[in-house]
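**Student:** Residue 65 in UniProt numbering sits at position 65 of the sequence shown, and the numbers go up by one each step. For every residue, glycine included, the Cβ atom is placed at its ideal position computed from N, Cα and C. All figures in this text were calculated on a predicted structure; none of them were measured in a lab. To start, I am sharing the structure in question, which I have written as structure tokens.
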Amino acid sequence: MQALYVNSATAHELNALTLGEQPQPQPAADEVLVRVHAVGLNPVDYKLVEEGNTNWQFPHIFGLDVAGEVVTTGAAVTGFKAGERVFYHGDLTKNGGFAEYAVVKSYAVAKMPTGLSYEQAAALLCGAMTAYAAVYRKANLTNRHSVLIHAGAGGVGGIAIQLAKQIGLTVYTTVSARKRAFVQSLQPDHIIDYQTTDVTATIKELTQGLGVDLIINTIGSTEATADLQRLAYNGALVTIVGEPDLSHYDLGRYGQSVLSVNLGGAHQSHNPQQQADLATMATALGELVVTKKLDPMIDHVLSFEQIPQGLQALKQHLISGKLVARID
């Protein structure tokens with residue numbers, strides 16, 4: 001089969017990715033073999049190329065987000081049959097889905113709702129599921145009225161904006177001027193240009209000094225630390241990449257919480273309820289798309305051969321929304 005891979009643990013550049021022949025995988029007893037039709041591209045993909053993982057065997061095939069159809073199942077798998085359309089967010093410690101065929105643990109696999117395209121399904125995994133987890137798994141939404149969502153043009157931020165609007169939150173989001181028009185189409189209540197504006201001062205002004213009830217941070221530790229000054233009493237900060245520095249901050253004084261999302265950690269958790277929730281979240285997102293309550297925000301669709309260029313574009317922050325590639 002054709003696959004996109006690196007040959008050794010010393011290959012840490014995007015130009016080291018090779019498109020070539022690899023053996024077709026065979027499912028273990030608890031796995032499903034999927035014929036891949038579309039894949040989603042994520043910032044974590046290029047980061048994995050550059051950083052590697054000590055669990056990999058080589059050649060290693062990349063790709064976490066897959067939409068396709070079941071070819072066959074392992075002996076212990078029930079509930080799936082050949083020909084069913086499925087999608088899933090895979091385990092980054094294993095060979096991935098930038099290939100014509102891929103295997104995945106059955107617990108992660110969701111069946112695609114009728115009316116959902118392979119491209120849409122592939123766009124609804126890593127980033128969208130992270131946003132869904134931040135809003136519906138981490139944040140207690142009782143008595144929450146406002147949210148600051150960083151990087152509203154990103155795969156996490158754009159979905160989070162849409163989900164937050166659906167539940168009636170006042171949405172503040174940060175974005176560069178170049179991506180403002182894209183974010184405006186998602187209809188947040190306030191857009192803050194982080195490149196030209198003091199975000200903390202603006203949030204204080206817009207909230208009459210109260211701060212926001214919820215913050216979803218996809219940027220990193222430095223911005224998460226700054227977010228503490230933007231958080232209201234009883235507020236919650238949900239971090240995706242990096243925790244705030246709490247060495248000189250008393251969360252308890254303000255009744256605040258810091259929570260983190262690690263979507264892929266479910267694969268290593270050995271917790272069957274948390275692992276099965278990967279498929280539950282994917283299914284919920286798919287239903288929102290087919291009922292036209294959610295835009296998967298596909299920027300454009302690439303060919304298999306264009307995946308390395310797409311990862312480079314993600315690295316250079318050139319993309320608004322999601323990149324998807326067709327494999328067949």
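1. State the Cα-Cα distance for the pair Phe80 and Thr283, rounded to the nearest angstrom.
2. Taking only three categories from DSSP, how would you classify Asp45?
3. May I ask you to report which of helix, strand or coil DSSP gives Gln309?
4. Just to confirm the assignment, what range does the alpha helix (DSSP H) spanning Val199 have?
5. Between Gln187 and the rest of its own chain, which residues show a CB-CB distance below 7 Å, the 5 nearest in sequence each way excluded?
6. In chain order, which alpha helix (DSSP H) runs of at least 4 residues are fully inside the segment 241-273?
7. Quick check: what's the CA-CA separation for Gly96 versus Lys204?
8. Please list the terminal residues of the continuous beta strand (DSSP E) segment that includes Tyr88.
9. Provide the residue span of the alpha helix (DSSP H) that contains Asp227, from first to last.
10. Quick check on the DSSP output: what are the complete alpha helix (DSSP H) runs of length 4 or more inside the segment 127-190, in order along the chain?
11. DSSP beta-bridge partners for Thr239?
12. Considering only the alpha carbon of each residue, which of Ile215, Glu305 and Asp65 lies closest to Ala139?
13. If you reduce the DSSP assignment to three classes, tell me which class Ala121 lands in.
14. Closer than 7 Å by C-beta to His190: which residues in its own chain qualify, once you throw out the five before and the five after it? Chain order, please.
15. Would you mind working out which of Leu125, Thr93, Ala121 and Glu69 sits nearest Tyr101, comparing C-alpha positions?
16. Taking Arg85 and Lys47 to be in contact with their CB atoms under 8 Å, please state how far apart those CB atoms are, rounded to whole angstroms.
17. Is it buried or exposed for Arg253, if we count other Cβ within 10 angstroms and need 16 for buried?
18. With respect to the beta strand (DSSP E) encompassing Arg326, which residues constitute its N-terminal and C-terminal limits?
19. Tell me whether the beta-carbon of Glu119 lies closer than 8 Å to the beta-carbon of Ile307.
20. Taking just the CA atoms, how far does Asp198 sit from residue 329?
21. Let me confirm a value: Asn217 is counted as buried when at least 16 other C-beta atoms fall within 10 Å, else exposed. Which label applies?
22. Which one of Asp30, Thr200, Thr196 and Gly154 has the shortest CA to CA distance from Gln184?
23. Quick check: the segment 122-142 against the segment 267-275, are at least 3 beta-carbon pairs closer than 8 Å?
24. Name the DSSP beta bridge partners of Leu210, please?
25. What did DSSP end up calling Glu287 once you bin it into helix, strand or coil?
26. In this structure, what does DSSP give as the bridge partners for Val73?
27. Counting C-beta neighbours from all protein chains within 10 Å, is the total for Tyr136 16 or more, i.e. buried, or is it exposed?
28. Could you tell me the distance, in whole angstroms, from the CA atom of Ala131 to the CA atom of Ala160?
29. Relative to the C-alpha of Leu116, which candidate in Glu287, Lys293 and Phe304 has its C-alpha closest?
30. So what's Glu21 in DSSP terms, helix, strand or just coil?
31. Is the CB-CB distance between Val103 and Leu33 below 8 Å?
32. In the DSSP assignment, find the beta strand (DSSP E) that holds Gln2 and state where it starts and stops.
33. Need the endpoints of the beta strand (DSSP E) that Ser302 sits in, please.
34. Grab me the residues of Ala151's own chain with a C-beta within less than 6 Å of its C-beta, minus the 5 sequence neighbours each way, in chain order.
35. Give me whichever residues DSSP pairs with Ile319 in a beta bridge.
36. To which residues of the same chain is Val289 closer than 7 Å at the C-beta, ignoring the five residues directly before and after it?
**Tutor:** Quick answer:
1. The straight-line gap from Cα to Cα measures roughly 15 Å.
2. Helix at Asp45.
3. Gln309 falls in the helix class under three-state DSSP.
4. Counting along the chain, the alpha helix (DSSP H) containing Val199 begins and ends at Val199 to Leu206.
5. Same-chain partners within the cutoff: Lys165.
6. Fully enclosed alpha helix (DSSP H) runs of 4 or longer: 251-254.
7. Between Gly96 and Lys204, the C-alpha separation is close to 44 Å.
8. Unbroken beta strand (DSSP E) run through Tyr88: Arg85 to His89.
9. Element bounds for Asp227: Ser221 to Asp227.
10. Within the segment 127-190, the complete alpha helix (DSSP H) runs of at least 4 residues are 155-166 and 180-184.
11. Answer is Asn217 and Ser260.
12. For Ala139, the nearest C-alpha among the options comes from Ile215.
13. Of the three classes helix, strand and coil, the one that applies to Ala121 here is helix, per DSSP.
14. Cβ contact annotation for His190 (same chain, cutoff 7 Å, sequence separation greater than five): Tyr172 and Leu206, in chain order.
15. When only C-alpha atoms are compared, the closest one is Glu69.
16. 29 Å between Cβ atoms; not a contact.
17. Burial check for Arg253: the Cβ neighbour count within 10 Å stays below 16, so the residue is exposed.
18. For Arg326, the uninterrupted beta strand (DSSP E) run begins and ends at Lys322 to Arg326, by DSSP.
19. Between Glu119 and Ile307, the C-beta gap is not smaller than 8 Å, which leaves the two residues out of contact.
20. With the chain covering 1 to 328 only, the question about residue 329 has no answer from this structure.
21. It is buried - the Cβ of Asn217 has at least 16 other Cβ atoms within 10 Å.
22. When each option's Cα is compared against that of Gln184, the closest is Gly154.
23. No, the segment 267-275 is not in contact with the segment 122-142.
24. Note: Leu210 sits in no beta bridge, so no partner.
25. It is helical.
26. The question names Val, but residue 73 in the sequence shown is Thr. Val32.
27. So Tyr136 counts as exposed.
28. Going by the C-alpha atoms only, they are around 5 Å apart.
29. By alpha-carbon distance to Leu116, the top candidate from Glu287, Lys293 and Phe304 is Glu287.
30. Residue state, collapsed to three classes: strand.
31. Closer than 8 Å, so yes.
32. Residues Gln2 to Val6.
33. It is worth fixing the name first, because residue 302 is Leu in this sequence and not Ser. Residues Ile298 to Leu302.
34. Excluding positions up to five away in sequence, the list reads Gly157 and Thr218.
35. DSSP lists no partner for Ile319.
36. Only residues of its own chain outside the window of five on either side were considered, and among them Leu116, Gln120, Leu124 and Pro296 have a CB closer than 7 Å to the CB of Val289, listed in chain order.
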